[in-house]
């Protein structure tokens, strides 16, 4: 992978993470700025402290905004904004 490809991938990740943060704040009506959420911050527990109803709202929001359907078996993608970005934007997934 060239340096230009790495830069393009980093820019795409940053843009996708920004979109997800804005979606989380607006859909869940959080009283914080999207920039306050870090890419690797846990969304549950000691992170944003989201609950099961919040997850249902995010399922709907992700499908509506990104055209990606998530399933119960994929709960791990809600671990952080970065994990969600990998799932909604396949170009960000690590190459094997």
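Numbering (this note's numbering), first residue to last: 147 to 242.
Every residue gets a Cβ at the ideal spot worked out from N, C-alpha and C, and that includes glycine.
Nearest to residue 190 by C-alpha distance, out of 172, 216, 223, is 223.
The three-state secondary structure of residue 217, taken from DSSP, is coil. Assignment of residue 236 by DSSP, reduced to helix, strand and coil, places it in the helix class.
Taking C-beta atoms as the reference points, residue 163 and residue 227 count as a pair closer than 7 Å. In the assembly as shown, residue 231 is a buried residue. Its beta-carbon has 16 or more other beta-carbons within 10 Å. Shown here, residue 200 sits in a helix according to DSSP, grouped into three states.
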